[in-house]
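Visitor:
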Amino acid sequence: MANEDKGGSAAAWTAFAGLTPLYVFSSSLSIGMALGWTFLLVYAASSALALLLPAAMGRKRIFIFALAASSVACSLSASFIRIIDPFLFESTYRRLFLVAFTVPVLKSALMPETIADRERAWENVVRGLGYAATIVVFGALREFMASGSISIIAEHVSTSLLPMMAQPAGAMVLLALSMAGFRLALTLARGADR
196 MANEDKGGSA
206 AAWTAFAGLT
216 PLYVFSSSLS
226 IGMALGWTFL
236 LVYAASSALA
246 LLLPAAMGRK
256 RIFIFALAAS
266 SVACSLSASF
276 IRIIDPFLFE
286 STYRRLFLVA
296 FTVPVLKSAL
306 MPETIADRER
316 AWENVVRGLG
326 YAATIVVFGA
336 LREFMASGSI
346 SIIAEHVSTS
356 LLPMMAQPAG
366 AMVLLALSMA
376 GFRLALTLAR
386 GADR
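In terms of my numbering, the numbers along the sequence shown are unbroken and rise by one, the last being 389.
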């Protein structure tokens, strides 16, 4: 049981570290929503192809096809964002294509090894929703801490409260606080099991 807990917390830390670039780029609610939507779409496409392609294709080919599907999903998401809000697209298009190469997406592109892993595929959907939600919440928190308000309109964030939070350094401070809180929660959860 202890090894499973260590493996689960190691996977959580890996995912958290793999999403760090998206947390840094998510400086407002609107940008967080664009990155979160793109992540969810890319993650779902990658997971679905890795799950649905026949195992006879081989692990390497399935991985390549899943990554290709995630790149196509990323392009479709960028096109959708461009149609909905051209200004948001202009502020995020360089960052959107990074989503296809984050650690959680690459991990989801791997074919499930056992039948039990295939049966727990719904957990990947929930995990992807959770990751996307953290990206959106992180952007909203940074915008609130930088300006004292949250707006869904994609415009330059006013930095009247804590200007540092709109910069990458503010993202690192918030990431450090989040990691400390996450570690405390894991420690308390392990203490409650004993």
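Just so you know, even glycine gets a beta-carbon here, dropped at the ideal spot from N, CA and C.
Does the Cβ of A197 have 16 or more other Cβ atoms within 10 Å, making it buried, or fewer, making it exposed?
Guide: Position 2 of the sequence shown, counted from the first residue, corresponds to residue 197. For A197, the predicted structure reports a pLDDT of 42, less than 50, and the residue's modelled location is therefore unreliable. A value from the coordinates is still provided. Exposed, since its Cβ has fewer than 16 Cβ neighbours within 10 Å.
Visitor: With a 10 Å radius around its C-beta and 16 neighbouring C-beta atoms as the bar for buried, classify D200 as buried or exposed.
Guide: The sequence position of residue 200 within the sequence shown is 5, counting from 1. Residue placement at D200 is flagged as unreliable, the pLDDT there being 47, under the threshold of 50; the coordinate-derived value follows with that caveat. With fewer than 16 Cβ atoms within 10 Å of its Cβ, D200 is classed as exposed.
Visitor: If you compare alpha carbons, which of S242, F211, T309 is closest to L370?
Guide: The count along the sequence shown starts at 1 and reaches residue 370 at position 175. Out of S242, F211, T309, F211 has the C-alpha closest to the C-alpha of L370.
Visitor: Keeping to the same chain, check which residues put their C-beta closer than 6 Å to that of E338; ignore five residues upstream and five downstream.
Guide: Looking up residue 338 in the sequence shown gives position 143. These residues qualify, in order along the chain: S223, L224, I345, V352.
Visitor: Determine the DSSP secondary structure at M306, reduced to helix, strand or coil.
Guide: By one-based count along the sequence shown, residue 306 stands at place 111. M306: coil per DSSP, three-state reduction.
Visitor: Run through DSSP, which three-state label would P281 get?
Guide: Taking the first residue of the sequence shown as position 1, residue 281 is located at position 86. It is helical.
Visitor: Assuming contact is defined by CB atoms lying nearer than 7 Å, are I330 and S221 in contact in what I supplied?
Guide: For the purposes of this step, residue 330 is taken as the residue at position 135 of the sequence shown. For the purposes of this step, residue 221 is taken as the residue at position 26 of the sequence shown. The answer is yes: Cβ separation under 7 Å.
Visitor: Identify whether P249 lies in helix, strand or coil by the three-state DSSP scheme.
Guide: Sequence index remark: in the sequence shown, residue 249 carries index 54 (1-based). Here P249 sits in coil by DSSP.
Visitor: Mind checking which residues open and close the alpha helix (DSSP H) that includes V294?
Guide: To locate residue 294, count along the sequence shown from 1; it is residue 99. Where V294 is concerned, there is no enclosing alpha helix (DSSP H), given that its DSSP letter is neither H nor E.
Visitor: Which residues in the same chain as R254 place their Cβ atom closer than 8 Å to its Cβ, once the five residues preceding and following it in sequence are excluded?
Guide: In the sequence shown, the residue the question calls residue 254 occupies position 59. Cβ neighbours of R254 beyond the five flanking positions: L305, M306.
Visitor: Distance check for R322 and A207, CA to CA, integer angstroms please.
Guide: As a position in the sequence shown, residue 207 is number 12, starting the count at 1. As a position in the sequence shown, residue 322 is number 127, starting the count at 1. Rounded to the nearest angstrom, the two C-alpha atoms are 10 Å apart.
Visitor: Around the C-beta of A251, are 16 or more other C-beta atoms found within 10 angstroms, so that it is buried, or is it exposed?
Guide: If you number the sequence shown from 1, residue 251 lands on position 56. Exposed, by the Cβ-count rule.
Visitor: When the Cα atoms are used, what is the spatial distance from P363 to I310?
Guide: Walking along the sequence shown from the start, residue 363 turns up at place 168. Walking along the sequence shown from the start, residue 310 turns up at place 115. C-alpha separation (whole angstroms): 42 Å.
Visitor: Is the beta carbon of A295 sitting closer than 7 Å to the one on V332?
Guide: Numbered from its first residue, the sequence shown carries residue 295 at position 100. Numbered from its first residue, the sequence shown carries residue 332 at position 137. No, the pair does not count as a contact, with Cβ atoms beyond the cut-off.
Visitor: How would you label G365, buried or exposed, when you count the other beta carbons within 10 angstroms and need 16 or more for buried?
Guide: Within the sequence shown, numbered from 1, the residue matching residue 365 stands at position 170. Buried, by the Cβ-count rule.
Visitor: Restricting to runs no shorter than 4 residues, where is the alpha helix (DSSP H) found entirely within the region 314-386?
Guide: The region 314-386 contains these whole alpha helix (DSSP H) runs: 316-342.
Visitor: When you compare the CB positions of S265 and A240, do they come within less than 7 Å of one another, or not?
Guide: Counting from 1 along the sequence shown, the entry for residue 265 is found at position 70. Counting from 1 along the sequence shown, the entry for residue 240 is found at position 45. Their beta carbons are under 7 Å apart, which means S265 touches A240 by this criterion.
Visitor: For F292, which of I276, D280, L383, E314 has the nearest alpha-carbon?
Guide: For this step, residue 292 is matched to residue 97 along the sequence shown. Of the listed residues, the one whose Cα sits closest to F292 is I276.
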